[in-house]
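For reference, each letter of the sequence shown is one residue, going -26 to -1, 1 to 529 in mature numbering (1 follows the signal peptide of the UniProt record, and there is no 0). For every residue, glycine included, the Cβ atom is placed at its ideal position computed from N, Cα and C. Values in this document were obtained by computation on a predicted structure and should not be read as measured data. Here's the structure, in structure tokens; my notes come after.
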Amino acid sequence: MDKHPGSLLRLLLAFVLLQFSVSAWATQVLDNSYILKAEPQQLAPTSFEAVPAWIREQQETSLSLTGGSYWLVHPLRVASREQTWVIDVRNSIIESIDLLLLGQDGSKQQAHSGYDADYQYLFDYGRRFTIKPGIDYWLVVKVESRYYSSAPEIRLAPEREHRLSADRHATAVVLCLGGLIFIACYNLFIFFTTRDKAFFWYGLYVLAYFCGWALTFHLPAHLFQFRQLELHHLFFISLPILNILFYNNFLQLSLYSPKLWRLSRILLWACVLALPTSIWLLSYTAIIASVLIMLWIGLAIVCGNVCLMKGFSPARYFIMAFSCLLLPAIIILPGNMGITPDFFEYAELATLLGGTADALLLSLALASKLKLLSEERQEYIRKLGIAWERARSDSLTGLANRLAYDESLADTCLSSGMPKPGYLLVLLDIEGLKRVNDTLGHGEGDRLLLAVAEELQSWSEAKFKPFRISGNDFALLLPEAEAQQLQNLLPRLEQRIASEGFAELCVNHGSATSTDKEKIQDWVRAADKDLYQCKSLRRRELHARQLAAAEGLPR
């Protein structure tokens, strides 16, 4: 999933260039020859000849992005044999557009378009006109809106070419919006299964991005006749809020860089305070949103670079994602604030494509994080397994220790706590080990214990598991059917001890079966009792031999 982000970016870039090249070939942009302030109740000229005098009577001005009513007047003449043309006003959301085409031949054509009007073409304000070749025309356009996201541009194209361009443009928009809603739903679904808040905030972020652009391209107006200009920038201003909450969880920003997290929180609250401006300061909301979005993109890239330098590898996709937003933002947002002119057509589509690439790369970043977490989890499980085995092993002999012994006894029990029948517990005691430690040192005692452990582990013919449960005590757990086999092997243990130079030591053993035992404690107590009897018998025999030796009697 994360192996070919470069080829994906190249594909998206090629798609953008294709869209722009098609639009440039099919469309002629008309320069704003005259921009006039439209006064209330002011009437448009009624004939071609009246236009020059009408222009001289008006106040020439520049278009303010904070809204208002303006006349855009253009002289027009076409040389093509095409007679059906489309005049489209684009580059901004415009609530009302009145188009008037006055011909030198006395013709007069009118059309109404805009955000509040019905549409002839998907996602644009285009209207059809009949324009004859070789005839001079005046195009008088009245635009009226509470704000302009950028300076409106008037485009003229043959109807067939405009329809083809509009269809391609609409296809790109629908694909991007479909991709956004899919990415949003997918990541919200992952959140509901993993409860990772990074997926939750990211899903909401992409959902807000989808809603903002769906409103910008008038999708609710096309489908449901829903028009609410105040909601458009509400979603765009919420983007930094949701994304900051996302990248704090994703980048672990509060851990890697508390200072950047504090700056991000300041920007977050600034965006929260700016949310009401989309309703009560509608004329300025596009400028406010542009400033906040520029600050957010710049801060997000800084945060991603800092976390990447501190070792968080998924941040590389985060940086690539915001780079896809940065390029169109640098070109488009200054135009939205009136600082620079617009550099290319279809600025909204370019930004939507950049945002879709951003959403896709952030999904790759989350997938990379999941992979990293999975690898860390596997490594943790491996280390935990090693630690668990070490905790269950005797550090000196390598045999299973008292913890493993208790677990093994518990495993032989039924759910009621009663031991399963058919098992034999054997307890071994190396008598005399303390005397070896006291007289020869603990090194010799350790050597003895290692010899005992090695001997027990060499009995592969017997199916049992040996344990060292205390200093000189060992235990064996085996099926009851192996009892005779073990009984034949026990003398070898004393022979091994004698071969190591400890002939005076002996091995006491006691055993008990699990059959008819109600509790583990009863089973262990029975084995202890048998061991004690073995010790007592050995001591009586030793005492008898010592008395016989003292009296000079033959043994």
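Taking the CB atoms as reference points, tell me whether residue i and residue j lie closer together than 8 Å.
{"i": "residue 146", "j": "residue 59", "result": "no"}
{"i": "residue 107", "j": "residue 54", "result": "yes"}
{"i": "residue 359", "j": "residue 479", "result": "no"}
{"i": "residue 14", "j": "residue 28", "result": "no"}
{"i": "residue 40", "j": "residue 257", "result": "yes"}
{"i": "residue 249", "j": "residue 205", "result": "no"}
{"i": "residue 103", "j": "residue 192", "result": "no"}
{"i": "residue 442", "j": "residue 368", "result": "yes"}
{"i": "residue 65", "j": "residue 124", "result": "yes"}
{"i": "residue 446", "j": "residue 403", "result": "yes"}
{"i": "residue 440", "j": "residue 430", "result": "yes"}
{"i": "residue 454", "j": "residue 438", "result": "no"}
{"i": "residue 393", "j": "residue 485", "result": "no"}
{"i": "residue 330", "j": "residue 100", "result": "no"}
{"i": "residue 426", "j": "residue 464", "result": "no"}
{"i": "residue 150", "j": "residue 327", "result": "yes"}
{"i": "residue 72", "j": "residue 201", "result": "no"}
{"i": "residue 128", "j": "residue 48", "result": "yes"}
{"i": "residue 325", "j": "residue 121", "result": "no"}
{"i": "residue 293", "j": "residue 383", "result": "no"}
{"i": "residue 173", "j": "residue 184", "result": "no"}
{"i": "residue 8", "j": "residue 31", "result": "no"}
{"i": "residue 203", "j": "residue 322", "result": "no"}
{"i": "residue 540", "j": "residue 409", "result": "Summary: the structure shown does not reach residue 540, with the chain confined to residues -26 through 529, and so no result is reported for it."}
Mind checking residue i: buried by the 16 CB within 10 Å criterion, or exposed?
{"i": "residue -4", "result": "The pLDDT assigned to residue -4 is 40, lower than 50, so where the model puts this residue is not dependable; a value taken from the coordinates is nonetheless given after this. With 16 or more Cβ atoms within 10 Å of its Cβ, residue -4 is classed as buried."}
{"i": "residue 415", "result": "exposed"}
{"i": "residue 105", "result": "buried"}
{"i": "residue 363", "result": "exposed"}
{"i": "residue 80", "result": "exposed"}
{"i": "residue 400", "result": "buried"}
{"i": "residue 518", "result": "exposed"}
{"i": "residue 186", "result": "buried"}
{"i": "residue 157", "result": "buried"}
{"i": "residue 214", "result": "buried"}
{"i": "residue 332", "result": "buried"}
{"i": "residue 337", "result": "buried"}
{"i": "residue 23", "result": "exposed"}
{"i": "residue 252", "result": "buried"}
{"i": "residue 530", "result": "Shown here, the chain extends from -26 to 529; a query on residue 530 therefore has no answer."}
{"i": "residue 513", "result": "exposed"}
{"i": "residue 462", "result": "exposed"}
{"i": "residue 515", "result": "exposed"}
{"i": "residue 357", "result": "exposed"}
{"i": "residue -20", "result": "In this prediction, residue -20 has a pLDDT of 43, which is less than 50 and means its spatial position is unreliable; nothing more can be read from the coordinates."}
{"i": "residue 227", "result": "buried"}
{"i": "residue 264", "result": "buried"}
{"i": "residue 371", "result": "buried"}
{"i": "residue 190", "result": "buried"}
Can a CB atom of chain B be found closer than 8 Å to the CB of residue i?
{"i": "residue 513", "result": "You won't find chain B in this structure, because it holds only one protein chain."}
Considering residue i, what are the terminal residues of the beta strand (DSSP E) in which it resides?
{"i": "residue 442", "result": "439 to 442"}
{"i": "residue 103", "result": "101 to 104"}
{"i": "residue 559", "result": "Outside the modelled stretch of the chain, which goes from -26 to 529, sits residue 559, for which no answer is possible."}
{"i": "residue 85", "result": "82 to 87"}
Who does residue i pair with in a DSSP beta bridge?
{"i": "residue 34", "result": "10"}
{"i": "residue 64", "result": "127"}
{"i": "residue 452", "result": "398"}
{"i": "residue 193", "result": "Note: residue 193 sits in no beta bridge, so no partner."}
{"i": "residue 111", "result": "50, 77"}
{"i": "residue 483", "result": "402"}
{"i": "residue 42", "result": "119"}
{"i": "residue 374", "result": "367, 441"}
{"i": "residue 58", "result": "104"}
Considering residue i, what are the terminal residues of the alpha helix (DSSP H) in which it resides?
{"i": "residue 141", "result": "133 to 168"}
{"i": "residue 370", "result": "That residue, residue 370, is in no alpha helix (DSSP H); it is neither H nor E in DSSP."}
{"i": "residue 245", "result": "232 to 248"}
{"i": "residue 468", "result": "457 to 473"}
{"i": "residue 419", "result": "416 to 431"}
{"i": "residue 258", "result": "256 to 283"}
{"i": "residue 210", "result": "206 to 225"}
If contacts are defined as beta-carbon pairs under 8 Å, then residue i and residue j qualify, I think. What distance do you get, rounded to the angstrom?
{"i": "residue 290", "j": "residue 282", "result": "6 Å"}
{"i": "residue 296", "j": "residue 285", "result": "The pair is not a contact, with the Cβ atoms about 19 Å apart (cut-off 8 Å)."}
{"i": "residue 346", "j": "residue 288", "result": "6 Å"}
{"i": "residue 377", "j": "residue 452", "result": "Not quite, the Cβ-Cβ distance comes to about 19 Å (not below 8 Å), so this is no contact."}
{"i": "residue 210", "j": "residue 339", "result": "Not really, about 22 Å apart at Cβ, beyond 8 Å."}
{"i": "residue 45", "j": "residue 76", "result": "With a Cβ gap of about 13 Å, residue 45 and residue 76 do not count as contacting."}
{"i": "residue 222", "j": "residue 212", "result": "Going by Cβ atoms, the distance from residue 222 to residue 212 rounds to 16 Å, so no, they are not a contact pair."}
{"i": "residue 63", "j": "residue 117", "result": "7 Å"}
{"i": "residue 271", "j": "residue 244", "result": "Actually they do not touch by this definition, with Cβ atoms about 14 Å apart."}
Does the ligand SAM have even one heavy atom less than 7 Å from the beta-carbon of residue i?
{"i": "residue 447", "result": "Absence of the ligand SAM is noted for the structure shown, with no ligands found whatsoever."}
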